[in-house]
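> Please see the structure below; I have some questions.
There are 2 protein chains.
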Amino acid sequence: MELRQLRSLVTLVDCGFSVSQTAERLHLVQPAVSQHLKQIEEELGVRLFQRHGKRLLGLNEAGERVLAFARDALGALGNISALGRDHSQDDSGVLRIGATHTQARYVLPPVIRQFAAEYPAVALELHQGTPAQLIDMVVRDAVDLAVCTEGLGEHLALTAVPCYRWNRCLIAPAGHPVLEQEPLTLGVLCGYPIITYVFGFTGRGNLSNAFAAQGLVPRVVLGAADTDVIKTYVREGLGIGIIAAMAYQPSADTDLVRLDLSDLFPWEVTKIAYRRDKYLRTFQRRFIAVFRAKTAGLAPRGQAVGSGLEGPAPGQAVPDSDR
Amino acid sequence: MELRQLRSLVTLVDCGFSVSQTAERLHLVQPAVSQHLKQIEEELGVRLFQRHGKRLLGLNEAGERVLAFARDALGALGNISALGRDHSQDDSGVLRIGATHTQARYVLPPVIRQFAAEYPAVALELHQGTPAQLIDMVVRDAVDLAVCTEGLGEHLALTAVPCYRWNRCLIAPAGHPVLEQEPLTLGVLCGYPIITYVFGFTGRGNLSNAFAAQGLVPRVVLGAADTDVIKTYVREGLGIGIIAAMAYQPSADTDLVRLDLSDLFPWEVTKIAYRRDKYLRTFQRRFIAVFRAKTAGLAPRGQAVGSGLEGPAPGQAVPDSDR
DNA sequence: AGAATTTACGCGGTCCGTAACCATG
DNA sequence: CATGGTTACGGACCGCGTAAATTCT
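For the protein sequence lines, the chains are A and B, in the order given.
Under the numbering used here, the first residue of the first sequence is numbered -5, with each subsequent residue one higher.
Under the numbering used here, the first residue of the second sequence is numbered -5, with each subsequent residue one higher.
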């Protein structure tokens, strides 16, 4: 059992079972990869693939298990070489970040600016996705870190570092009648058409729960996956927006009036997650530190989130949310 | 980074940093191993060893980390080949069991008899140790399974399968005055010199706790690591014995009278633990099943322990005990 | 001085690439 | 017949073993 054989197997799967494509990606020639796969099956004495003639279509059950172990082995090996590059004072490398739109658009820019200044030789990859996709990406090691708010707590394979807490604000065009309402309650909000995130994004779960807890049903006329879309339709006059507070930009959003809603909804905690068994290079850890430092001032009141695993944020329970 | 290099590294550590011994164990020649180690350090660009001249004395911090990852990688590889042998209908192999004295002497014999009959080609290794040692052994993969009662719950790297529950009994020479005491209480027991297990063995923790919970201090005149020693001194008349109920053998212990004490002490649950990330061969899983089946009748009343993770045994809480 | 490790060197195996062959849609 | 995979074979590389040199006990 040799490493190149396992590499061929893993890459084959990642290439959708195209042997030639696998060979290309590994800088090998097709027969070599064919031979690797054959050797694995021979040495183990087990068929690993679903075949149709000579074509490989997928893995059978044994194949899936072998694949998982092969990934483990290669992962451990990757950790070793990462550790090596790290100790060689080599400050170059790649940092693959997964983030939701809100994070990528409104939170990450200053973080990345500072990080890039500190590590000019580190290439950054910013991958975007839904929270569910992001979790899958870290677990598969398609990204090194995932920064998001939803559903990072449940995966046993991940370590989640709480970074900062945030809450929502209301946005409306200047002069909108909701801006005169005093006091602003969930009930009052229900009197207006609302534009906010779709389920699974940016705390929409807890938002809906807050209404439901009071037996209220908000009139959400539009659910969007990102804040820019919400702002656009608020400007169109379609309704009032409820967005993450950090997504309001005083400089750019001068035509929109902002009202803090942190008394009405539970606080959310944005975390950075990475695989438990992954060796994080120094600059990857440093990115987390920079992220936490740069976002420390975001929570408008109350102190920043602790560094460790001390329960949920103050003010209100922070369940691990509905994915 | 090649596998043989990692194998050399890991074996080197297991051989106490003797290169020649490592070479022998790997069926190689010394220069080959030397080269492997050198290659690892070169490829990683990091010194891994504490050296004194040419002698290797130990690992430095980087070395420790690399070693851990190397073990991960080789472990994953071992899983693959185990899986292979398994699917090839190969019913031969080795089953390395770790057990405490009580388990090995009084519980395992019928289990092993049946298992050996089912799998004549499987070589059995029975390793004995204290619960703490056993846990260390499974974690280090020095044994495949550990069967013991204490301290298996805490290790995140282990899966623990609850197998059967048991409690204590009192043993005393026929005619001993304690046998006339009615009802038998913890207080009454405190009136006699007691011989039982030392701390860390066979439920001694919970036993002491039970006394302490009533503000009682038992007069333990002798603490022993195994039941045979306890029986011996009970026969000598040194005191009354409190032992695990399954360690009383009606056929052999005719000179000792037995009184059930399960109303006085919490129930203990004996579990089998194995590394979470380890592929268990069919016969290894089968051993667990046989163990559970053969021990199902041990609990004198109440039903057997469930197979899964449903809380502690009934009757009394079963904390994970004091190691 | 002797044991243990490193350096030097050559042989043998094997791994990959080229080329020809085979199957499938 | 074109695309994708397997079989066949030769050359280059390199990993291991033998032997000599070196260093620490």
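Backbone N, C-alpha and C fix where the C-beta goes; we use that ideal spot for every residue, glycine too.
For residue 266(A), which three-state DSSP category applies?
In the structure shown, residue 266(A) sits in a strand (DSSP, three-state: E or B).
> Three-state secondary structure (DSSP) at residue 296(A)?
Because residue 296(A) sits at a pLDDT of 47, beneath the cut-off of 50, its placement in the model cannot be relied upon, and the point is left open.
> Reducing DSSP to helix, strand and coil, say where residue 170(A) ends up.
Residue state, collapsed to three classes: coil.
> If you draw a straight line from the C-alpha of residue 234(A) to the C-alpha of residue 163(A), how long is it?
One C-alpha to the other measures close to 10 Å.
> Which of the three DSSP states is assigned to residue 231(B) in this structure?
Here residue 231(B) sits in coil by DSSP.
> Residue 49(A) and residue 20(A) - do their beta-carbons sit closer together than 8 Å?
Contact: no.
> Assuming residue 104(A) contacts residue 288(A) under a Cβ cut-off of 8 Å, what Cβ separation, rounded to an integer in Å, is found between them?
With a Cβ gap of about 5 Å, residue 104(A) and residue 288(A) count as contacting.
> Could you give the distance in angstroms between the alpha-carbon of residue 159(A) and the alpha-carbon of residue 257(A)?
The alpha-carbon atoms of residue 159(A) and residue 257(A) are separated by roughly 14 Å.
> Hey, could you find the ends of the alpha helix (DSSP H) residue 60(A) is sitting in?
Element bounds for residue 60(A): 55 to 81.
> What in chain A is Cβ-close to residue 38(B), meaning under 9 Å?
What residue 38(B) touches in chain A: 74, 75, 77, 78, 79, 81, 82.
> Within the chosen definition, does the segment 224 to 231 of chain B reach the segment 122 to 131 of chain B through at least 3 CB pairs nearer than 8 Å?
No, because fewer than three Cβ pairs between the segment 224 to 231 of chain B and the segment 122 to 131 of chain B fall closer than 8 Å, the two stretches do not touch.
> Using the three-state DSSP reduction, which class does residue 218(B) fall into: helix, strand or coil?
In this structure, residue 218(B) counts as strand in the three-state DSSP scheme.
> Kindly indicate if chain A contains any beta-carbon less than 8 Å away from that of residue 117(B).
So no, residue 117(B) is outside the interface.
> What three-state label does DSSP hand residue 51(B) in the structure shown?
Strand at residue 51(B).
> Could you check what DSSP says for residue 8(A) in three-state terms: helix, strand or coil?
Residue 8(A) falls in the helix class under three-state DSSP.
> Mind checking if residue 60(B) is an interface residue toward chain A, Cβ cutoff 8 Å exclusive?
By this cut-off, residue 60(B) is an interface position.
> State whether the segment 202 to 214 of chain A contacts the segment 180 to 193 of chain A, with contact taken as three or more CB pairs (one from each stretch) at a distance under 8 Å.
At 8 Å Cβ cutoff, the stretches touch.
> Rounded to the nearest angstrom, what separates residue 192(A) and residue 249(A) at their Cα positions?
Those two C-alpha atoms are separated by around 24 Å.
> Identify, in the order they occur along the chain, each residue of the same chain with its Cβ nearer than 6 Å to the Cβ of residue 198(A), setting aside the five sequence neighbours on each side.
191.
> Tell me, which residues are paired with residue 142(B) by DSSP?
In DSSP, residue 142(B) forms a bridge with 265(B).
> Residue 122(A) to residue 27(A), Cα distance in whole Å?
So the alpha carbons of these two residues sit roughly 32 Å apart.
> Determine the extent of the beta strand (DSSP E) in which residue 156(A) is found, giving its start and end residues.
Segment 152 to 160, the beta strand (DSSP E) holding residue 156(A).
> For the beta strand (DSSP E) that contains residue 117(A), what are its first and last residues?
Run containing residue 117(A): 116 to 122, per the beta strand (DSSP E) assignment.
> In terms of residues, what are the limits of the beta strand (DSSP E) holding residue 90(A)?
87 to 93 is the extent of the beta strand (DSSP E) around residue 90(A).
> Any beta carbon of chain A sitting closer than 8 Å to that of residue 148(B)?
No, residue 148(B) lies away from the interface with chain A (no Cβ there is under 8 Å from its Cβ).
> Decide if the segment 269 to 278 of chain B is in contact with the segment 64 to 76 of chain B; the criterion is three or more beta carbon pairs, one per stretch, under 8 Å apart.
A contact exists between the segment 269 to 278 of chain B and the segment 64 to 76 of chain B.
> Where residue 84(B) and residue 207(A) are concerned, what is the direct C-alpha to C-alpha distance, given to the nearest angstrom?
Each residue's alpha carbon lies about 59 Å from the other.
> Are the C-beta of residue 303(B) and some C-beta of chain A separated by less than 8 Å?
With a pLDDT of 36 at residue 303(B), under the threshold of 50, the modelled position of that residue is not reliable, and the figure given next carries that caveat. Closer than 8 Å: no.
> Secondary structure at residue 164(A), three-state DSSP: helix, strand or coil?
Three-state DSSP puts residue 164(A) in a strand.
> Need the endpoints of the alpha helix (DSSP H) that residue 277(B) sits in, please.
Element bounds for residue 277(B): 276 to 289.
> Checking 8 Å against the spacing of the C-beta atoms, do residue 180(A) and residue 152(A) come in under that value?
Contact: no.
> Since residue 46(B) is in the beta strand (DSSP E), which residue starts that stretch and which ends it?
43 to 46 is the span of the beta strand (DSSP E), which, as asked, contains residue 46(B).
> For residue 16(A), report the span of its alpha helix (DSSP H) as first-last.
Looking at the DSSP string, the run of the alpha helix (DSSP H) that includes residue 16(A) is 13 to 19.
> Please report the straight-line C-alpha distance between residue 242(A) and residue 88(A), rounded to a whole angstrom.
Spanning the two alpha carbons is a distance of roughly 31 Å.
> If residue 194(B) and residue 78(A) are in contact, beta carbons under 8 Å, what's the gap, nearest whole angstrom?
Rounded, the Cβ-Cβ distance is 41 Å, inconsistent with contact.
> Bridge partners for residue 254(B) per DSSP, in chain order?
According to DSSP, which records beta bridges pairwise, residue 254(B) is partnered with 163(B).
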